[in-house]
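S.K.:
2 protein chains.
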Amino acid sequence: MGEKIVIVGAVAAGPKTACRAKRLMPDAEITIVDQDSLISYGGCGIPYYVSGDVADEDELRKTSFHMTRNEDFFLRAKGVNVRTLTRATAINRKDKILEVENVTSGAKDSIPYDKLVITTGSQPFVLPIPGADLPGVYSISDLHKAIEIKQQLATGKIGKAVIIGGGAIGLEMAEAFADLWGAEASVIEFMPQLLPRIIDPWFSTMLERHMESMGVNIFTNEGASEIIAGDDGRACKVVTANRTIETDIVIMATGVRPRSQLAEEAGLLVSPFGIVVNDRLQTSDPDIYSAGDCIEVTHMVSGQKFMAPLGSLANREGRIVGDNLAGIPSTYPGAMGSFIMKALERCIGATGLSLESARAAGFDADAAITAPSDRAHFFPTEAKIPLQMVFDRRTRRVLGVQGFGPMTDAVLARIDAAAALIGKGGTIDDFSLCEMAYAPPFATALDALNAAANVADNMQMNRQRNVSIPDFLAWMDDFSSQPDWLALDIRHPAEVKPFMEKFGKAWSELAYDNVRTQYDTLATDKTLIIICDAGTRSYEVQIFLDSVGITNTLVLGGGFNVITRMEPHWWPNK
Amino acid sequence: MGEKIVIVGAVAAGPKTACRAKRLMPDAEITIVDQDSLISYGGCGIPYYVSGDVADEDELRKTSFHMTRNEDFFLRAKGVNVRTLTRATAINRKDKILEVENVTSGAKDSIPYDKLVITTGSQPFVLPIPGADLPGVYSISDLHKAIEIKQQLATGKIGKAVIIGGGAIGLEMAEAFADLWGAEASVIEFMPQLLPRIIDPWFSTMLERHMESMGVNIFTNEGASEIIAGDDGRACKVVTANRTIETDIVIMATGVRPRSQLAEEAGLLVSPFGIVVNDRLQTSDPDIYSAGDCIEVTHMVSGQKFMAPLGSLANREGRIVGDNLAGIPSTYPGAMGSFIMKALERCIGATGLSLESARAAGFDADAAITAPSDRAHFFPTEAKIPLQMVFDRRTRRVLGVQGFGPMTDAVLARIDAAAALIGKGGTIDDFSLCEMAYAPPFATALDALNAAANVADNMQMNRQRNVSIPDFLAWMDDFSSQPDWLALDIRHPAEVKPFMEKFGKAWSELAYDNVRTQYDTLATDKTLIIICDAGTRSYEVQIFLDSVGITNTLVLGGGFNVITRMEPHWWPNK
Chain V
1 MGEKIVIVGA
11 VAAGPKTACR
21 AKRLMPDAEI
31 TIVDQDSLIS
41 YGGCGIPYYV
51 SGDVADEDEL
61 RKTSFHMTRN
71 EDFFLRAKGV
81 NVRTLTRATA
91 INRKDKILEV
101 ENVTSGAKDS
111 IPYDKLVITT
121 GSQPFVLPIP
131 GADLPGVYSI
141 SDLHKAIEIK
151 QQLATGKIGK
161 AVIIGGGAIG
171 LEMAEAFADL
181 WGAEASVIEF
191 MPQLLPRIID
201 PWFSTMLERH
211 MESMGVNIFT
221 NEGASEIIAG
231 DDGRACKVVT
241 ANRTIETDIV
251 IMATGVRPRS
261 QLAEEAGLLV
271 SPFGIVVNDR
281 LQTSDPDIYS
291 AGDCIEVTHM
301 VSGQKFMAPL
311 GSLANREGRI
321 VGDNLAGIPS
331 TYPGAMGSFI
341 MKALERCIGA
351 TGLSLESARA
361 AGFDADAAIT
371 APSDRAHFFP
381 TEAKIPLQMV
391 FDRRTRRVLG
401 VQGFGPMTDA
411 VLARIDAAAA
421 LIGKGGTIDD
431 FSLCEMAYAP
441 PFATALDALN
451 AAANVADNMQ
461 MNRQRNVSIP
471 DFLAWMDDFS
481 SQPDWLALDI
491 RHPAEVKPFM
501 EKFGKAWSEL
511 AYDNVRTQYD
521 TLATDKTLII
531 ICDAGTRSYE
541 VQIFLDSVGI
551 TNTLVLGGGF
561 NVITRMEPHW
571 WPNK
Chain Y
575 MGEKIVIVGA
585 VAAGPKTACR
595 AKRLMPDAEI
605 TIVDQDSLIS
615 YGGCGIPYYV
625 SGDVADEDEL
635 RKTSFHMTRN
645 EDFFLRAKGV
655 NVRTLTRATA
665 INRKDKILEV
675 ENVTSGAKDS
685 IPYDKLVITT
695 GSQPFVLPIP
705 GADLPGVYSI
715 SDLHKAIEIK
725 QQLATGKIGK
735 AVIIGGGAIG
745 LEMAEAFADL
755 WGAEASVIEF
765 MPQLLPRIID
775 PWFSTMLERH
785 MESMGVNIFT
795 NEGASEIIAG
805 DDGRACKVVT
815 ANRTIETDIV
825 IMATGVRPRS
835 QLAEEAGLLV
845 SPFGIVVNDR
855 LQTSDPDIYS
865 AGDCIEVTHM
875 VSGQKFMAPL
885 GSLANREGRI
895 VGDNLAGIPS
905 TYPGAMGSFI
915 MKALERCIGA
925 TGLSLESARA
935 AGFDADAAIT
945 APSDRAHFFP
955 TEAKIPLQMV
965 FDRRTRRVLG
975 VQGFGPMTDA
985 VLARIDAAAA
995 LIGKGGTIDD
1005 FSLCEMAYAP
1015 PFATALDALN
1025 AAANVADNMQ
1035 MNRQRNVSIP
1045 DFLAWMDDFS
1055 SQPDWLALDI
1065 RHPAEVKPFM
1075 EKFGKAWSEL
1085 AYDNVRTQYD
1095 TLATDKTLII
1105 ICDAGTRSYE
1115 VQIFLDSVGI
1125 TNTLVLGGGF
1135 NVITRMEPHW
1145 WPNK
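So the sequence lines, in the order shown, correspond to chains V and Y.
100 is the number that the numbering used here gives to position 100 of the first sequence; each next residue is one higher, with no gaps.
Quick note: to get the numbering used here, add 574 to the position in the second sequence (first position is 1).
#1: Put T591(Y) into one of helix, strand or coil per three-state DSSP.
#2: Measure the alpha-carbon distance for G733(Y) versus C810(Y) and round it to whole angstroms.
#3: Could you tell me which of L836(Y), K689(Y), F952(Y), A662(Y) sits nearest to G901(Y), measuring between CA atoms?
#4: Any Cβ of chain Y within less than 7 Å of the Cβ of G549(V)?
#5: So A506(V) contacts chain Y; which residues on that side make the cut at Cβ distance below 8 Å?
#6: E59(V) by DSSP, collapsed to three states: which one?
#7: Would T693(Y) count as contacting chain V if we go by Cβ distances under 7 Å?
#8: Return the chain-ordered ranges of every beta strand (DSSP E) run that is complete within the segment 668-749 of chain Y and spans a minimum of 3 residues.
#9: Name the residues in the segment 399-417 of chain V whose C-beta lies less than 7 Å from a C-beta of chain Y; which are they?
#10: Does the contact criterion of 3 or more C-beta pairs under 8 Å hold for the segment 215-223 of chain V versus the segment 184-196 of chain V?
#11: At a CB distance below 7 Å, what residues from the segment 370-394 of chain V approach chain Y? Give them in sequence order.
#12: For the segment 291-321 of chain V, which residues have a CB atom closer than 9 Å to at least one CB atom of chain Y, in sequence order?
#13: First and last residue of the alpha helix (DSSP H) that includes E1075(Y)?
#14: Would A1022(Y) and R988(Y) qualify as a contact pair, given that the criterion is a beta-carbon distance under 7 Å?
#15: Following the continuous alpha helix (DSSP H) through D897(Y), name the residue where it begins and the one where it ends.
#16: Nearest CA to the CA of P946(Y): which residue from A909(Y), V972(Y), N1028(Y), Q697(Y)?
#17: Could you confirm whether any beta carbon from chain Y is found closer than 7 Å to the beta carbon of A445(V)?
#18: Cβ of L627(Y) less than 7 Å from any chain V Cβ?
#19: Report the neighbours of K916(Y) on chain V: residues whose CB is nearer than 9 Å to its CB, in chain order.
#20: Near G425(V), which residues of its chain fall below 8 Å by C-beta distance, leaving aside the five closest residues on each side in sequence?
#21: Beta-carbon separation of I32(V) and A12(V) under 7 Å?
#22: Give the straight-line distance between the Cα atoms of E435(V) and A443(V), rounded to the nearest whole angstrom.
#23: If I'm right that I39(V) touches R69(V) with Cβ under 8 Å, what's the distance once you round it to whole angstroms?
#24: Alpha carbon to alpha carbon, how far is G42(V) from L310(V)? Give it in angstroms, no decimals.
#25: Can a CB atom of chain Y be found closer than 7 Å to the CB of K150(V)?
#26: Compute the Euclidean distance between the alpha carbons of K145(V) and L634(Y), then round it to the nearest angstrom.
#27: If you reduce the DSSP assignment to three classes, tell me which class D471(V) lands in.
#28: Mark V351(V) as exposed unless 16 or more other C-beta atoms lie within 10 angstroms of its C-beta, in which case mark it buried.
#29: Beta-carbon within less than 6 Å of P832(Y)'s beta-carbon, same chain only, minus the 5 sequence neighbours each way: which residues are those?
#30: So who's on the other strand from D392(V), going by DSSP bridges?
#31: If the criterion is Cβ atoms closer than 7 Å, does the pair G739(Y) and E800(Y) meet it?
#32: Would you mind sorting R537(V) into buried or exposed? The rule is 16 or more other CB atoms within 10 Å of its CB.
#33: Short of 6 Å in beta carbon distance, which residues of its chain neighbour G322(V), apart from the five on each side in sequence? Order them along the chain.
#34: Taking all protein chains shown into account, decide if Q835(Y) is buried (16 or more other Cβ within 10 angstroms of its Cβ) or exposed.
#35: Report the neighbours of S338(V) on chain Y: residues whose CB is nearer than 8 Å to its CB, in chain order.
#36: Drop a sphere of 10 angstroms on the beta-carbon of D364(V), count the other beta-carbons inside from all chains shown, and report buried for 16 or more, exposed for fewer.
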């Protein structure tokens, strides 16, 4: 037999590594150990299994050709040995032996290796609050937990659910409870917004409002301080600083931590973000590789290290480890956090850095916020997809893109194309010229992504000067915060009317197509905040006003198409 | 006033040039002339207007904020003069004067220019056959023709339609007649396939079979030789070498030619592909620019010149001319033919070169043909999307991608991401690592595009050896053409059974998960054509058989998921 390869962890990166390595080295003797009995499942599918979209847990473990990926499958089809219910307890690096024990019998064993691969994944972070360990409190850590949750739902006794954590998994779980089971779902998020760090606040507000409109309760800026048990000993209340929420089940979705203890105890270099690896995915011991949720990853845009616990990356990384085990010098460039999420009838996606993250990483970052159509505006299924392009003013490099739209693949298409370009260091010009496919049922002649780049170009060249959305919203809350600002609403007079009536002296109007002939009627002692539906006309007006010497203007980027989706309390007739 | 800019043509590139230039140079005096009365319309929307998806012709002329883009709009909103019904008759380059005449009154005029822009677009090529000029024969050249066609449809007298030409416009028109008006539509295409040159034959066959299954008649390999008039003098029959088709209307969709006569007569350099321009979109006269359907374009992948008459490109090019008029040195890198099309309940898309075009252009091209899922295979709306990646064996550069799938944006997402990477010279490795966004409702953990790249990688490294689809189909038509071939069907025995029964000695079976234990039962005197559903398992089996010395094998790339969509006549139980 050939080289002995031992892999610890059999969910995503581990099996991928094993299968790729075995194909490249048919003689290799490959063994995967896993402490669980269920292996190689689509963990990202758990919320859809809980919701009922996926009927059976077994579906998450099947191949696309309907075989269940169990030990027998790996042995017969892949030629890979899998030892389930087998916990790795220590790595003897000197003698190149993995120490294991059977989790049922306690029997110990030693498995010699030539090359070891650590794919131990991540574990849920559990908030250290009273009641976190009560029955009825679940984290989304593995398939067993998911099966338990679904069994609870099937009893018909779950009328209310509290989800602690407003990240992607928390929101997907909220949807699972609310949408298909009709439970009253409440999401508690400690940070001021959903999807913190991933999405900028104006995008997360659009998401928040949509989920609320579909019946999900969202409480941001609130940490769970305690979980209280009922008479039956099960969790029945979640306490925050502002309220106590009754519930039949609690989902703890407060993030994950790399499962790096085995590596750490073996003396491998481990950072707070995970096991440290080089571009070949070798750990500090060249005979030990690592991949998946447990490794520290380089952010391709910021160059900084981060955790990137995504099933998609685990698969890519596993393939690279497989290559390297077989002597192919594949390297991993890092990740950029491409992300997409179904949220009831909407979807939200992002790639690269958010504006806040980009600024925190030291970029001279700005954001082109737009609200383009996903397909020709005359096509019946057209929808607006707020789209933001974050760029570096110094270098014109595009740093990130975010989108929010209907539950189709329209946002996905723009995020994927953006990810492709950002991964190649794409600039505003690359995005402007990127030849997106066009036909009216699929796109606009100048695609939404091209249009966002053109706005970024105009901003970077100082042809377009925006008011920031937070500043605009703060002003709408309190006009005295910026007493010299005046809205210049250039929409159709019928659209403007309720605003003129409600906001009195803070609002003025001049229809877009009258600006060239009537600009001399505009107030010149104020900063004009130019407002339209999408920002496009406002930019045209700004650039025209500049040419006639009225330069004290700011554009509301993305216009009211963005603001309405944030459903501000001050919206007329609300 | 500032510089005098005169633009000939007011459909897409012309207005875009004008508006961008005016924004950058508010002092410029910009005039567009157009021989038509209707301007600045979404020409690509004509099939959807004819079908009724778009109710009113005016919708194609409106902005997204519901203003009609007529002369008044351009003057009031954009500060651009438009003279409709004004034909440009000659360019006096020496004195920098455009000669025009009013098409109704015949009145002549001279318009002096500092810079001239030719955006005259394209004109339909009309087959020089008897009857081509009969009433009832329409080309899709402008909005007037579209209005006439729709008026015909509204009379209720169009029960049958013949479309001459199986390109994108012809197929979109066939759908318009068949889908919403219930007419019997017949498409005649001179070449052996639909979408010739754009799409490889196996993809166009999938499209052809789908359109036929939805009731559209398709006759490839047939040229129209004559159109015959009925008693009322209108076209009523179309004659080919094989048949005479009765019809109530004939659509001539046999391609377009650049409208370059004005430029040619002015002594500007014009090639068969259009007006010759440099990267700044200047013609051979540096004071004259050109953009849109009328220019010759450099193919970004092949480096060759071609015609690229697409509304999406016209808009990009117009912006670049606007920049250059204003002194911004923007350049146009060329185009790569990104393409997407709705075809009834399916969609087809492509970017870059097809396999045939790539080989014709001198590349050592091969194609990875796959049939991945568009979203997690356990997600309810999952569909297979046959996806092909054309790559250069010498350089690993990706040359093109094609996809066929359901009428969602799933194919669009992969085409757009591919276009982004191909535009940056992306290699197989770039595609393999491209960080496509993932969640089960939107993609597979390893996205379809990543998976196609991995197949391309295996092929380029000679780990995977495919049979070509044409060779496979020829063999299925006549097993004696390759007497030493033997199918090795590794699918589930229940799936294999009808094939074993029908194809006797040409077929053999060994289930995928039995190969490692029973490979010694395989025939070794034959070339084994390994067959599964998607090609993935076949590759695994090939690489395993290689390791045990059975190397005379070929994989059917994409597997039966591709072949079934081509609906071959020999399919069992058909």
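We put the beta carbon where it would ideally sit given N, CA and C, even for glycine.
M.R.: Checking against the coordinates, here is how it stands:
#1: Within the second sequence, residue 591(Y) is the residue found at index 17, counting from 1. Reduced to three states, the DSSP call for T591(Y) is helix.
#2: The residue labelled residue 733(Y) in the question sits at position 159 within the second sequence. The residue labelled residue 810(Y) in the question sits at position 236 within the second sequence. Distance between the alpha carbons of G733(Y) and C810(Y) is about 11 Å.
#3: Residue mapping note: residue 901(Y) aligns to position 327 of the second sequence, counting from 1. The residue with the shortest Cα to Cα distance from G901(Y) is K689(Y).
#4: Numbered from its first residue, the first sequence carries residue 549(V) at position 549. Not one chain Y Cβ lies under 7 Å of G549(V).
#5: What you label residue 506(V) is simply residue 506 of the first sequence in a count that begins at 1. None at all; the shortest Cβ gap to chain Y is about 23 Å.
#6: On the first sequence, position 59 is the one that residue 59(V) refers to. If DSSP states are grouped into helix, strand and coil, E59(V) belongs with the helices.
#7: Counted from its first residue, the second sequence places residue 693(Y) at position 119. Cβ-Cβ to chain V under 7 Å: no for T693(Y).
#8: 671-676, 682-686, 689-692, 696-698, 711-713, 734-738
#9: T408, D409, A410, L412, A413, I415, D416, A417
#10: yes
#11: S373, A376, H377, F378, F379, P380
#12: Within the segment 291-321 of chain V, the residues whose Cβ lies closer than 9 Å to some Cβ of chain Y are M300, L310, G311, S312, L313, A314, N315, R316, R319, I320, listed in chain order.
#13: Translated into the one-based positions of the second sequence, residue 1075(Y) becomes position 501. Here the alpha helix (DSSP H) through E1075(Y) covers 1067-1077.
#14: Sequence index remark: in the second sequence, residue 1022(Y) carries index 448 (1-based). Sequence index remark: in the second sequence, residue 988(Y) carries index 414 (1-based). For A1022(Y) and R988(Y), yes; Cβs fall inside 7 Å.
#15: Stepping through the second sequence from its first residue, residue 897(Y) is reached at position 323. In the DSSP annotation of this structure, the continuous segment of the alpha helix (DSSP H) that includes D897(Y) starts and ends at 885-899.
#16: On the second sequence, position 372 is the one that residue 946(Y) refers to. The shortest Cα separation from P946(Y) among A909(Y), V972(Y), N1028(Y), Q697(Y) belongs to N1028(Y).
#17: Numbered from 1 along the first sequence, position 445 holds the residue referred to as residue 445(V). Contact with chain Y is found for A445(V), since one of that chain's Cβ atoms lies less than 7 Å from the residue's Cβ.
#18: For the purposes of this step, residue 627(Y) is taken as the residue at position 53 of the second sequence. With the sequence shown as reference, residue 627(Y) is identified as Asp, and Leu is not the correct amino acid for it. Chain V contact via Cβ: present.
#19: Against the second sequence, residue 916(Y) aligns to sequence position 342. Near K916(Y) (Cβ distances below 9 Å), the residues of chain V are A439, P440, P441, F442.
#20: The residue you call residue 425(V) lines up with position 425 of the first sequence. Here G425(V) has R397 as same chain residues with Cβ atoms under 8 Å from its own Cβ, once five neighbours each way along the sequence are excluded.
#21: Along the first sequence, read from residue 1 onward, the residue named residue 32(V) stands at position 32. Along the first sequence, read from residue 1 onward, the residue named residue 12(V) stands at position 12. Taking 7 Å as the Cβ cut-off, I32(V) and A12(V) do not qualify as a contacting pair.
#22: Residue numbering aside, residue 435(V) sits at position 435 when the first sequence is read from its first letter. Residue numbering aside, residue 443(V) sits at position 443 when the first sequence is read from its first letter. Distance between the alpha carbons of E435(V) and A443(V) is about 12 Å.
#23: The residue you call residue 39(V) lines up with position 39 of the first sequence. The residue you call residue 69(V) lines up with position 69 of the first sequence. The pair is a contact, with the Cβ atoms about 7 Å apart (cut-off 8 Å).
#24: What you label residue 310(V) is simply residue 310 of the first sequence in a count that begins at 1. What you label residue 42(V) is simply residue 42 of the first sequence in a count that begins at 1. Taking the straight line from one Cα to the other gives about 11 Å.
#25: The sequence position of residue 150(V) within the first sequence is 150, counting from 1. By this cut-off, K150(V) is not an interface position.
#26: As a first step, residue 145(V) must be located in the first sequence, where it is residue number 145. As a first step, residue 634(Y) must be located in the second sequence, where it is residue number 60. Rounded to whole angstroms, K145(V) to L634(Y) spans 54 Å at the Cα level.
#27: By 1-based counting over the first sequence, the position of residue 471(V) is 471. In the structure shown, D471(V) sits in a helix (DSSP, three-state: H, G or I).
#28: Stepping through the first sequence from its first residue, residue 351(V) is reached at position 351. Note that residue 351(V) is Thr in the sequence shown here, rather than Val. By the 10 Å Cβ count, T351(V) comes out buried.
#29: As a working note, residue 832(Y) is residue 258 in the second sequence. Result list for P832(Y): S696, G848, C868, in chain order.
#30: Within the first sequence, numbered from 1, the residue matching residue 392(V) stands at position 392. A365(V), per the DSSP bridge assignment.
#31: Counting from one through the second sequence, the residue named residue 739(Y) turns up at place 165. Counting from one through the second sequence, the residue named residue 800(Y) turns up at place 226. It is not a contact, given that the beta carbons lie outside the stated cut-off.
#32: Counted from its first residue, the first sequence places residue 537(V) at position 537. By the neighbour-count rule (16 or more Cβ atoms within 10 Å), R537(V) is buried.
#33: Mapped onto the first sequence, residue 322(V) falls at position 322. Counting only Cβ-Cβ distances below 6 Å, and skipping sequence neighbours, we find T17, R20, A21.
#34: Numbered from its first residue, the second sequence carries residue 835(Y) at position 261. Exposed, by the Cβ-count rule.
#35: The residue you call residue 338(V) lines up with position 338 of the first sequence. Here the neighbours are E1009, M1010, A1011, Y1012.
#36: Sequence index remark: in the first sequence, residue 364(V) carries index 364 (1-based). Classification of D364(V): exposed, given that the 10 Å Cβ count is below 16.
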